[in-house]
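Trainee: Below: one structure in structure tokens.
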Amino acid sequence: MKKIERRSVSVIILIAAILAGLVLFTVKYVKRGSSWAAFSANSSVYKSGVLIKGTIYDRNGVLLSGVSDSGRYYSDDLDVRLSTLHAVGDIGGNIGTGALSVFTSELTGYDMISGNYSASGKGNSLYLTIDAELNKTAYNALEGRKGTVAVYNYETGEILCMASSPSFDPNEPSSVGADDDSGAYINRFLSSAFTPGSTFKTVTSIAAIEKLPDIYDRRFTCGGSVTIDGNNVTCTHAHGEITFEQALAVSCNCAFAEIAVELGSDTLSEYVKDLGLDEAHSVSGIKTAAGSYDISEGDAETAWSGVGQHTDLVNPEAMLRLMGAIAGGGSAAEPTLIRDVKNSLGISTGAYPSTKKFTLLNPETARQISDMMSYNTAYTYGEENYPGLRLHAKSGTAEVGDGAAPHAWFVGFITNPDHPLAFVVLVENGGSGSSVAGPIANKVLQAATAK
Amino acid sequence: MEILNSISEFFGMTGDAGAAYSEAAKYVVLAIRILLPILAIFVLYRCAASLFYEKPEKEVWAYLTLPNGGRIELTRWENVIGRARSSDVALEYPTLSRSHAAFIRDASAHWIVHDLDSKGGITVNGDRVDGCADIENGDMLSLAGVDMLFLTISEESERKQARSRRRPGEEISPSLTLFALTLFQLFLMAELVLSENTENEIPVIACFGGLSLVMWLYYGFMRVLGRTGIEIETLGFFLCTIGMSVVASSVPGSLYKQIIIDVAGIFVFLIIGWLLRDLNRAKKLRWPIAAAGIALLAVNVLLAKTTFGARNWLSIAGISLQPSELVKICFVFAGSAALDRLFAKRNIFLFIIYSAVCVGALALISDFDTAAIFFVCYLVIAFMRSGDFAAVFLSVGGAGLAGFLAITVKPYIKSRFATWGKAWQYVNAGGYQQTRTMAALASGGLLGVGAGNGWLKGVFAADTDMVFGMVAEELGYIIALCIIAALILIAFFAVRSSYNARSSFYIIGACAAVSIMLAQTILNVFGSLDILPFTGVTLPFVSKGGSSMLSCWGLLAFIKAVDTRQNASFAIKLPKKYRRYSREEEAYTELDAWEDFDTEAELE
Numbered sequence: 091m092k093k094i095e096r097r098s099v100s101v102i103i104l105i106a107a108i109l110a111g112l113v114l115f116t117v118k119y120v121k122r123g124s125s126w127a128a129f130s131a132n133s134s135v136y137k138s139g140v141l142i143k144g145t146i147y148d149r150n151g152v153l154l155s156g157v158s159d160s161g162r163y164y165s166d167d168l169d170v171r172l173s174t175l176h177a178v179g180d181i182g183g184n185i186g187t188g189a190l191s192v193f194t195s196e197l198t199g200y201d202m203i204s205g206n207y208s209a210s211g212k213g214n215s216l217y218l219t220i221d222a223e224l225n226k227t228a229y230n231a232l233e234g235r236k237g238t239v240a241v242y243n244y245e246t247g248e249i250l251c252m253a254s255s256p257s258f259d260p261n262e263p264s265s266v267g268a269d270d271d272s273g274a275y276i277n278r279f280l281s282s283a284f285t286p287g288s289t290f291k292t293v294t295s296i297a298a299i300e301k302l303p304d305i306y307d308r309r310f311t312c313g314g315s316v317t318i319d320g321n322n323v324t325c326t327h328a329h330g331e332i333t334f335e336q337a338l339a340v341s342c343n344c345a346f347a348e349i350a351v352e353l354g355s356d357t358l359s360e361y362v363k364d365l366g367l368d369e370a371h372s373v374s375g376i377k378t379a380a381g382s383y384d385i386s387e388g389d390a391e392t393a394w395s396g397v398g399q400h401t402d403l404v405n406p407e408a409m410l411r412l413m414g415a416i417a418g419g420g421s422a423a424e425p426t427l428i429r430d431v432k433n434s435l436g437i438s439t440g441a442y443p444s445t446k447k448f449t450l451l452n453p454e455t456a457r458q459i460s461d462m463m464s465y466n467t468a469y470t471y472g473e474e475n476y477p478g479l480r481l482h483a484k485s486g487t488a489e490v491g492d493g494a495a496p497h498a499w500f501v502g503f504i505t506n507p508d509h510p511l512a513f514v515v516l517v518e519n520g521g522s523g524s525s526v527a528g529p530i531a532n533k534v535l536q537a538a539t540a541k
Numbered sequence: 008m009e010i011l012n013s014i015s016e017f018f019g020m021t022g023d024a025g026a027a028y029s030e031a032a033k034y035v036v037l038a039i040r041i042l043l044p045i046l047a048i049f050v051l052y053r054c055a056a057s058l059f060y061e062k063p064e065k066e067v068w069a070y071l072t073l074p075n076g077g078r079i080e081l082t083r084w085e086n087v088i089g090r091a092r093s094s095d096v097a098l099e100y101p102t103l104s105r106s107h108a109a110f111i112r113d114a115s116a117h118w119i120v121h122d123l124d125s126k127g128g129i130t131v132n133g134d135r136v137d138g139c140a141d142i143e144n145g146d147m148l149s150l151a152g153v154d155m156l157f158l159t160i161s162e163e164s165e166r167k168q169a170r171s172r173r174r175p176g177e178e179i180s181p182s183l184t185l186f187a188l189t190l191f192q193l194f195l196m197a198e199l200v201l202s203e204n205t206e207n208e209i210p211v212i213a214c215f216g217g218l219s220l221v222m223w224l225y226y227g228f229m230r231v232l233g234r235t236g237i238e239i240e241t242l243g244f245f246l247c248t249i250g251m252s253v254v255a256s257s258v259p260g261s262l263y264k265q266i267i268i269d270v271a272g273i274f275v276f277l278i279i280g281w282l283l284r285d286l287n288r289a290k291k292l293r294w295p296i297a298a299a300g301i302a303l304l305a306v307n308v309l310l311a312k313t314t315f316g317a318r319n320w321l322s323i324a325g326i327s328l329q330p331s332e333l334v335k336i337c338f339v340f341a342g343s344a345a346l347d348r349l350f351a352k353r354n355i356f357l358f359i360i361y362s363a364v365c366v367g368a369l370a371l372i373s374d375f376d377t378a379a380i381f382f383v384c385y386l387v388i389a390f391m392r393s394g395d396f397a398a399v400f401l402s403v404g405g406a407g408l409a410g411f412l413a414i415t416v417k418p419y420i421k422s423r424f425a426t427w428g429k430a431w432q433y434v435n436a437g438g439y440q441q442t443r444t445m446a447a448l449a450s451g452g453l454l455g456v457g458a459g460n461g462w463l464k465g466v467f468a469a470d471t472d473m474v475f476g477m478v479a480e481e482l483g484y485i486i487a488l489c490i491i492a493a494l495i496l497i498a499f500f501a502v503r504s505s506y507n508a509r510s511s512f513y514i515i516g517a518c519a520a521v522s523i524m525l526a527q528t529i530l531n532v533f534g535s536l537d538i539l540p541f542t543g544v545t546l547p548f549v550s551k552g553g554s555s556m557l558s559c560w561g562l563l564a565f566i567k568a569v570d571t572r573q574n575a576s577f578a579i580k581l582p583k584k585y586r587r588y589s590r591e592e593e594a595y596t597e598l599d600a601w602e603d604f605d606t607e608a609e610l611e
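From first to last, the protein sequence lines stand for chains A and B.
Heads up: the first sequence runs through residues 91 to 541, numbered per the numbering used here.
Heads up: the second sequence runs through residues 8 to 611, numbered per the numbering used here.
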């Protein structure tokens, strides 16, 4: 009998198997429960694949998308619909980074304890950090050209403007064909990477400031082109003898090619990495596209990469972070998209906005590159073109080859104490950075500071 | 909602007032959502506390008095005596064999001594024992020269012993537990009635009310029988309550059928418990019941028609039946064996053949899920009967090979394995059910969206194969976990009771029965959650299904039969005239009882 009763442990093995399985599952559940609940087959919150819980507002309470008995609807204003589409998301769920796709928990009010249960049956109110009016201004300033405009407060991290073009009217999703290759579903700010062109010279400059102690005392002689390793690096015209600051201000390729070669590819790679340009970031949980910086061999490649050409790719969000860090004396707040979430009773969850700091530079380097970017405005872009902004900027005209017009970049920040804003403007195949992207930046920043 | 509307009309509420009423209903549901898990945990806690409150107390059935004056208690109906420490009575005499003799009592207090192939042999009153011999009170035995006097306890001292033992329910009142469970049922019913998806409230109210009534009637019946240990049944009722909620939500039209099945289940439980009550009767019934199992499977193989991939349904006069569910009870019966049978080696081979036939028949009708459950049960029984790991591993190897063949031959099984662990990559193919189960489970959170308010019920087989997800969605993950906790409590109690059981027949029966329930739980719950390949197995007591419900209650009876706590189980006989006696002498203290017991004059 004793023997047999002891053999009843075989049942204990089965009990242990159940407990082990439950622990395993519960861990999975805690980790992934919110994404399971966001599965489109979850009829508590989805009807025919469309999220039927949650209302989306901009930072000022302007309605961007809501739910009625007949389903999800968008703003009455076509321009608001077009300019906030990529932030809000489309009904078909094609814009994977839209709030409807990524902030489902915030919209449905999902949490571990209550699941998707909502006493009112309507879900939560989600207030994005973006300003619908500013988005409209930015989107209209792009005038139908492909590109992106983003503005964020580097002290709080709130993204005030995030427009991507081309866009489409979410009320007429069929306007984008199945064979669409314009990239209307892509939020260019978060999910794309582009040749940075001369905006990359800020990176080369940061490396030079820290690695070449006499850089400010040097004089560069630009004859319009320089031969490195048998390869010609050219400028638009001969800049003559110039200082380091002037080289950045006039965006002299010859000077920066020399600096890049002197720094070497390893040092540049290290800086790209340290400045977060080759990695993906998280914006309120949305993973951004990573950039790339890759030099396999030769000084010619190093020279071209140092002026933002070669195979360099930079994601606009990563560039915006860098601008924020320069403006903030080396560190800034992580960009975020959620300003507030209120439940159906109007009570805020209190978790937003969440301000998290990151550091990219030491304060002295940040001050020096900031001064140089301010000098750019004074020397090249013209303060009168950016009245009252206290603009620090760098333009970029990125050659993309194949006879296409270059990408126009304009990146930087303003040091207005009431409006600590960093910005990125990119117009694909737009032409000259300072003359195409610059005025767009001015228009958006003037609108942002007028508030 | 109809009832609510008619109530509001009755009070002359129109328009806004009616709306206010339904607004109030929302807050009622809000409160019920929180109350239900609290009540569920409270019920489980009380059952657990009552089951495990104190260590099991031993029962004494006979004594062996040694020459040195030492007195050994025989606390089982089956006692092995020998030098080995694993013996029930371990004696340090060098002449004894490791397992020397077995003293076995049957239900009618008739004792037999078995010689377990000992070297020194046994004599009874000087006569050499060949194999086994009857023994009686006062017989003089000699085990390899070690003399001992065999004394049984009288009916009178048996009664005194029974009086002195602690009875369940004294510390933790079963009526309060049942009251909490009734509240749970009431709130669940209210939630279903308030749900906008419930169109007809009458069956809901009738069936939940009926279940409560059945529960209290059962309790009253047990009180009349003098039994107070009803924790196991309370857990069964708790699980049935959740099963009722599942039916009310997914197929309200089957509610009346469900209450009938619940009642039928109780009757199956009582009948099997009654059969097990008398060990002699139970042992005699083994053969016919085992044969009935084979017959049921044979009929199934011959006549069953194909439904849902496996031919496991049988329709008789409009009632569809799953014979394999009922065969589970037969299988447990066939596998259980008292100690005297375990001495004969050939018995294990007979059982292996019997198992092979059952599993083979199930494979023949393509019911591989049930075959897997039988196999787990077989492993537990085989191990308990032989204690031989090698044999068990060999069986596992053989079954692994057979399973491999099944996978290669049957494409639908192969596809289940192909998508196993990757459900989210095949959301509309092999992972269809699992992803929906997980989405619904997550959607319910810890507290659920409310009974009747879920969406998973609209997915095919939600109330059977995916019932864990359905309960988690509607009643919350906490209550879903309570289901498993209840089943584990039952299993754990079966193991714990083994240490005090009268016969190995009951130990093996109880462990085999819970192994079936646990195996089903594992396959059902983890299959639907993509931890294991998806199967079509039911969750005990909770999944919709008549045959399954009957077999679960039948298996539960085996757990009642192993519970030897005083006055706990109706499946354990009390000493004759004990109940009348105990009522007359309420003042009898425990100490007095034991003193009387010790100075028993029967020793001469």
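Even glycine gets a Cβ: it sits at the ideal position worked out from N, Cα and C.
1) Kindly indicate if chain A contains any beta-carbon less than 8 Å away from that of L536(B).
2) Return the Cβ separation of D472(B) and K551(B) in integer angstroms, given the expectation that the two are a contact with Cβ distance under 8 Å.
3) Between N206(A) and chain B, is any beta-carbon pair separated by less than 8 Å?
4) For chain B, check one thing: does any of its Cβ atoms lie closer than 8 Å to the Cβ of V526(A)?
5) Determine the DSSP secondary structure at F513(A), reduced to helix, strand or coil.
6) Measuring only the C-alpha atoms, how far is A107(A) from A498(B)?
7) Between A594(B) and chain A, is there a C-beta pair that is closer than 8 Å?
8) Answer yes or no: does any C-beta atom of chain A fall closer than 8 Å to that of C5(B)?
9) Which residues, in chain order, does the segment 101 to 117 of chain A contribute to contact with chain B at a C-beta distance below 7 Å?
10) Going by DSSP, what residues sit across from M155(B) in a beta bridge?
11) Just to confirm my understanding: we take V67(B), look at its own chain, exclude 5 residues before and 5 after, and list those with CB closer than 8 Å. What are they?
12) Within this structure, are the beta carbons of P547(B) and L463(B) separated by less than 8 Å?
13) Suppose the cutoff is 6 Å on Cβ atoms and the five residues either side in sequence are ignored; what does the same chain contact list for N321(A) look like?
14) Report the rounded CA-to-CA distance for L496(B) versus A55(B), giving the unit in angstroms.
15) When the Cα of P175(B) is compared with those of S576(B), P582(B) and L581(B), which residue comes out closest?
16) Taking the continuous alpha helix (DSSP H) assigned at S282(A), which residues delimit it?
17) Once you ignore the five residues that flank A231(A) on each side, which residues in its own chain have a CB closer than 6 Å to its CB?
18) With respect to the beta strand (DSSP E) encompassing D122(B), which residues constitute its N-terminal and C-terminal limits?
19) I believe K137(A) touches G161(A) by the beta-carbon criterion, under 8 Å. Please report the beta-carbon distance rounded to the nearest angstrom.
20) Starting from S219(B), trace the alpha helix (DSSP H) in both directions and tell me its first and last residue.
21) Are the CB atoms of E85(B) and I111(B) within a distance shorter than 8 Å?
22) Would you mind telling me which residues of chain A sit closer than 7 Å to T528(B), beta carbon to beta carbon, in chain order?
23) Of the residues that make up the segment 183 to 206 of chain A, which ones have a beta carbon closer than 8 Å to any beta carbon in chain B?
24) List the DSSP bridge partners of A108(B).
25) Please list, in chain order, the chain B residues whose beta carbon lies closer than 7 Å to that of S133(A).
26) Alpha carbons only, please: which of V117(A), C251(A) and V192(A) is nearest the one belonging to L511(A)?
27) With distance defined between alpha-carbon atoms, name the residue in L408(B), Y439(B) and A409(B) nearest to R423(B).
28) If you measure beta-carbon to beta-carbon, which residues of the segment 81 to 96 of chain B are closer than 8 Å to chain A?
29) Closer than 8 Å, Cβ to any Cβ of chain B: which residues of the segment 411 to 433 of chain A, in chain order?
30) For the segment 128 to 145 of chain A and the segment 236 to 252 of chain A, state whether three or more C-beta atom pairs, one from each stretch, are separated by less than 8 Å.
31) Check the Cβ-Cβ distances between F129(A) and every residue of chain B, and say whether any is below 8 Å.
32) When burial is assigned at 16 or more other CB atoms within 10 Å of the CB, is R590(B) buried or exposed?
33) Could you check if W601(B) is buried or exposed, using at least 16 other CB atoms within 10 Å of its CB as the buried criterion?
Mentor: For this structure:
1) Chain A has a Cβ within less than 8 Å of the Cβ of L536(B).
2) Rounded, the Cβ-Cβ distance is 10 Å, inconsistent with contact.
3) For N206(A), the answer is yes, since a Cβ of chain B falls inside 8 Å of its Cβ.
4) V526(A) has a beta carbon lying at 8 Å or more from every beta carbon in chain B.
5) Strand at F513(A).
6) Here the alpha carbons of A498(B) and A107(A) stand approximately 13 Å from one another.
7) Caution applies to A594(B), whose pLDDT of 43 falls short of 50 and renders its modelled position unreliable; the value that the coordinates give is listed next. Not closer than 8 Å to any Cβ of chain A, the Cβ of A594(B) fails to qualify, so no.
8) What is shown of chain B runs 8 to 611, which leaves residue 5(B) out entirely.
9) Shown in chain order are the members of the segment 101 to 117 of chain A whose Cβ falls below 7 Å from a Cβ of chain B: V101, I102, L104, I105, A107, I108, G111, L112, L114 and F115.
10) As computed with DSSP, M155(B) is found in a beta bridge with L148(B).
11) So the qualifying residues of the chain are E80, L81, T82, I160 and Q168.
12) Pairing P547(B) with L463(B) gives a Cβ-Cβ distance that is not under 8 Å.
13) Once the five neighbours on either side are set aside, the close Cβ partners of N321(A) are A390.
14) Each residue's alpha carbon lies about 7 Å from the other.
15) Of the listed residues, the one whose Cα sits closest to P175(B) is S576(B).
16) No alpha helix (DSSP H) holds S282(A); DSSP gives it neither H nor E.
17) Cβ contact annotation for A231(A) (same chain, cutoff 6 Å, sequence separation greater than five): I530 and K533, in chain order.
18) For D122(B), the enclosing beta strand (DSSP E) covers residues W118 to D122.
19) The pair is a contact, with the Cβ atoms about 7 Å apart (cut-off 8 Å).
20) E208 to V231 is the span of the alpha helix (DSSP H), which, as asked, contains S219(B).
21) Contact flag set, yes.
22) Within chain A, the residues near T528(B) are I108.
23) Result list: Y200, D201, M202, I203, S204, G205 and N206.
24) Bridge partners of A108(B): I88(B) and D122(B).
25) Neighbours of S133(A) on chain B, chain order: W462.
26) Checking every option, the nearest Cα to that of L511(A) belongs to C251(A).
27) Nearest Cα to R423(B) within the set L408(B), Y439(B) and A409(B): Y439(B).
28) Answer set for the segment 81 to 96 of chain B: R83, E85, N86, V87, S93, S94 and D95.
29) Cβ contacts with chain B: none found.
30) With the cut-off at 8 Å, the segment 128 to 145 of chain A and the segment 236 to 252 of chain A do not touch.
31) Yes, because at least one Cβ of chain B sits closer than 8 Å to the Cβ of F129(A).
32) Annotation note: pLDDT 46 at R590(B) (below 50); position unreliable, no value reported.
33) For W601(B), the predicted model reports a pLDDT of 40, less than 50, meaning its position is unreliable; a value from the coordinates is still stated below. Around the C-beta of W601(B), fewer than 16 other C-beta atoms lie within 10 Å, and the residue is accordingly described as exposed.
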